[in-house]
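Taking UniProt numbering, the leading residue of the sequence shown gets 1, the next gets one more, and so forth.
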Amino acid sequence: MADTKLYDILNVGRNASESEIKKAYYKLAKEFHPDKNPDAGERFKEISFAYEVLSNPEKKEIYDRHGLQGIKEGGQGGGGFGAGMFDDIFGSFFGFPGMPGMSGMGGGGRRGRRRGENTMHPLRVTLEDLYNGKAAKLQLSKTIICKKCSGLGGKQGATIKCRVCQGRGIKVTLRQLGPGMVQQMQSVCPDCHGEGEIINERDRCKECKGKKVSNETKILEVHVDKGMQDGQRITFRGEGDQLPDVDPGDVVIVLQLREHDKFVRDHADLSYTHSIGLTEALCGFSFSLKHLDGRDLVISNPPGEVIKPGLIKTVAGEGMPMYRNPFEKGDMYIKFDVTFPPNNFIPAENMKKLEKLLPERPKYEKPTGEHVEEVDLIPYDQTRSNRSGRREAYHDDDDEDDEMHGGGGPRVQCAHQ
């Protein structure tokens with residue numbers, strides 16, 4: 001009795017056409033793919049092996065004549081083939097039971113299957129989102145294998161090999177550059193648009209118009225975990241565009257952090273700048289800070305502990321949560337800016353009282369003699385400084401001109417007409 005095990009795996013008859021075998025394979029592969037059905041690994045392996053054999057005319061003929069046992073033993077009794085041809089036929093297959101030299105399911109998958117490109121999507125998030133975690137919904141528009149024609153593009157058997165490119169999808173043209181010099185150029189076949197096959201217009205699928213794919217809108221729920229970083233990626237396996245004979249790529253969500261108005265993140269730590277007055281810097285203070293989770297942190301500094309301008313203090317354990325370990329957090333660093341009071345803020349009668357409270361000023365002995373001169377301090381003016389520098393440069397030029405003309409005599413200026 002003829003061996004029909006591989007036909008039974010694909011649920012097709014022994015006389016099934018190439019298109020029927022392909023259609024059956026696509027249907028089963030979609031149902032039992034490990035990405036969608038993790039428990040169907042062995043079943044998916046059998047489906048893929050059956051398709052590898054039955055979709056190849058030479059291998060299919062060997063199987064029809066000798067069955068699995070005949071293939072394994074090298075086609076005994078049928079003018080078969082030796083071990084070398086056996087390895088050539090099965091060397092690229094993955095882990096079929098009992099076959100030598102196989103590398104298992106992880107050894108590369110089905111021969112000839114390409115993988116589609118990944119689709120990248122940015123997702124804008126706030127620092128609060130990365131601190132607390134967030135679930136966001138993303139509407140995705142993608143192509144899927146046409147459900148009406150199962151990716152065939154038309155009726156069964158309606159697909160024919162492109163005569164222009166001979167099914168390669170690439171058109172090769174020769175360009176004469178000169179005597180004995182020819183340039184070979186490759187381009188996408190204009191007749192089949194790189195697919196290698198053509199479907200007559202009357203036989204095309206009414207749903208996809210012969211394109212083999214249709215558009216679908218899908219909602220993906222994106223979970224932003226606590227502690228994730230700016231630029232981190234969240235991957236949805238196999239959710240990319242679907243194409244015939246191509247494994248779909250992934251949809252990759254890339255997090256993009258909006259700048260926060262208070263906090264600056266550095267890995268698991270947070271930085272914050274707070275301004276205080278001179279009285280607070282010298283006599284202590286308390287203030288509240290709204291954290292990223294809505295809590296109010298009360299931060300205090302005791303009297304007598306002086307805060308210098310630019311001083312940084314730490315609030316331990318109030319930074320960002322660690323990714324995948326949210327109960328452990330970094331630290332918060334607070335940098336203090338000290339704002340001094342304006343001029344004449346303190347009445348003259350209180351100056352002596354204030355001076356008695358402050359540390360004693362250093363002793364100073366005023367120099368005496370004819371070379372001592374008292375000068376005044378005035379506010380710094382950048383524009384005045386620049387003008388002064390330019391005048392000095394002009395004076396230097398004048399001195400040079402005076403030397404060239406023999407001294408400090410009067411200079412002649414050009415008369416204006």
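Cβ atoms here follow ideal geometry from the backbone N, Cα and C, with glycine treated the same way.
Residue from the options with nearest C-alpha to residue i
{"i": "Gly304", "options": "Thr159, Leu282, Leu292, Asn11", "result": "Leu282"}
{"i": "Leu174", "options": "Gln166, Arg168, Gly167, Ser187", "result": "Ser187"}
{"i": "Pro190", "options": "Ile9, Arg168, Asp203", "result": "Arg168"}
{"i": "Val338", "options": "Val172, Gly284, Glu373, Gly294", "result": "Gly284"}
{"i": "Asp129", "options": "Val246, Asn344, Met228, Leu311", "result": "Met228"}
{"i": "Lys211", "options": "Met120, Cys192, Lys30", "result": "Cys192"}
{"i": "Asp241", "options": "Glu117, Ser55, Met185", "result": "Glu117"}
{"i": "residue 427", "options": "Gly151, Lys262, Ser214", "result": "Lying before the first or after the last residue shown, residue 427 is absent from the chain, which here runs from 1 to 417."}
{"i": "Lys161", "options": "Ile234, Glu195, Leu257, Glu42", "result": "Glu195"}
{"i": "Gly249", "options": "Phe236, Ser288, Pro379", "result": "Phe236"}
{"i": "Ile145", "options": "Ser48, Leu243, Val375", "result": "Leu243"}
{"i": "Leu257", "options": "Tyr131, Tyr26, Glu46", "result": "Tyr131"}
{"i": "Glu46", "options": "Lys59, Lys60, Leu28", "result": "Leu28"}
{"i": "Gln166", "options": "Asp261, Glu197, Met185, Pro347", "result": "Glu197"}
{"i": "Phe340", "options": "Leu357, Glu370, Pro309, Gly369", "result": "Pro309"}
Contact belief for residue i with residue j at Cβ below 8 Å, rounded distance in angstroms
{"i": "Asp225", "j": "Gly133", "result": "6 Å"}
{"i": "Tyr63", "j": "Leu6", "result": "6 Å"}
{"i": "Leu68", "j": "Asp3", "result": "6 Å"}
{"i": "Ile234", "j": "Lys137", "result": "Wrong, their Cβ atoms sit about 13 Å apart, outside the cutoff."}
{"i": "Lys148", "j": "Glu216", "result": "With 8 Å as the limit, Lys148 and Glu216 do not qualify as a contact, their Cβ atoms being about 13 Å apart."}
{"i": "Arg115", "j": "Val246", "result": "7 Å"}
{"i": "Leu292", "j": "Leu127", "result": "6 Å"}
{"i": "Ala135", "j": "Glu239", "result": "So it is not a contact: roughly 17 Å between Cβ atoms."}
{"i": "Lys335", "j": "Ile312", "result": "5 Å"}
{"i": "His274", "j": "Phe263", "result": "No, His274 and Phe263 are not in contact; Cβ-Cβ is about 12 Å, not under 8 Å."}
{"i": "Leu354", "j": "Ile346", "result": "6 Å"}
Beta-bridge partners of residue i, as assigned by DSSP
{"i": "Pro38", "result": "In DSSP, Pro38 forms no bridge with anything."}
{"i": "Pro321", "result": "Lys329"}
{"i": "Gly277", "result": "Thr339"}
{"i": "Phe287", "result": "Ile299"}
{"i": "Leu270", "result": "Arg265, Met332"}
{"i": "His121", "result": "Ile253"}
{"i": "Thr4", "result": "Thr4 is not bridged to any residue."}
{"i": "Asp247", "result": "Arg115"}
{"i": "Lys134", "result": "Val224"}
{"i": "Met186", "result": "In the sequence as displayed, the identity of residue 186 is Gln instead of Met. Its beta-bridge partners are Val172."}
{"i": "Ile312", "result": "Lys335"}
{"i": "residue 425", "result": "Because residue 425 is not part of the residues shown, which for the chain are 1 to 417, the question remains open."}
{"i": "Ile62", "result": "The partner list for Ile62 (beta bridge, DSSP) is empty, contrary to what the question assumes."}
{"i": "Gly154", "result": "Arg204"}
DSSP three-state assignment for residue i, whether helix, strand or coil
{"i": "Pro57", "result": "helix"}
{"i": "Arg202", "result": "helix"}
{"i": "Tyr364", "result": "coil"}
{"i": "Gly238", "result": "coil"}
{"i": "Gly106", "result": "Confidence is the limiting factor: at Gly106 the pLDDT is only 39, short of 50, which leaves the residue's position unreliable and the question unanswerable from this model."}
{"i": "Asn215", "result": "strand"}
{"i": "Met351", "result": "helix"}
{"i": "Ile160", "result": "strand"}
{"i": "Leu140", "result": "strand"}
{"i": "Glu20", "result": "helix"}
{"i": "Glu195", "result": "coil"}
{"i": "Ile346", "result": "coil"}
{"i": "Gly13", "result": "coil"}
{"i": "Ile145", "result": "strand"}
{"i": "Glu31", "result": "helix"}
{"i": "Asp129", "result": "helix"}
{"i": "Gly210", "result": "coil"}
{"i": "Gly67", "result": "helix"}
{"i": "Ile307", "result": "coil"}
{"i": "Glu52", "result": "helix"}
{"i": "residue 433", "result": "Beyond the ends of the chain as shown, which are 1 and 417, falls residue 433; an answer cannot be given."}
{"i": "Tyr380", "result": "coil"}
{"i": "residue 455", "result": "Residue 455 cannot be examined here, being either before or after the span of the chain that is shown, 1 to 417."}
{"i": "Leu282", "result": "helix"}
{"i": "Glu373", "result": "coil"}
Residue-level contact to chain C via CB, residue i, 7 Å cutoff
{"i": "Lys363", "result": "Protein chains in the displayed structure number just one, and chain C is not present."}
Q) Touch check for the region 32–43 and the region 146–161: three-plus C-beta pairs under 8 Å? A) no
inquiry  = Count Cβ pairs between the region 318–325 and the region 353–371 that sit closer than 8 Å; are there 3 or more?
reply    = no
For the pair the region 258–275 and the region 324–343, tell me if three or more CB-CB distances fall below 8 Å. Using a Cβ-Cβ distance cut-off of 8 Å, the region 258–275 and the region 324–343 are in contact, since at least three pairs of beta carbons, one from each stretch, lie closer than that value.
field: Touching by the beta-carbon criterion (3+ pairs, under 8 Å), the region 253–261 and the region 272–290
entry: no
Are the region 199–206 and the region 289–306 in contact at 8 Å, needing three or more beta carbon pairs? no
Requested in this report: May I ask you to verify whether the region 48–57 touches the region 14–29, counting CB pairs closer than 8 Å and requiring at least 3?
Outcome: yes
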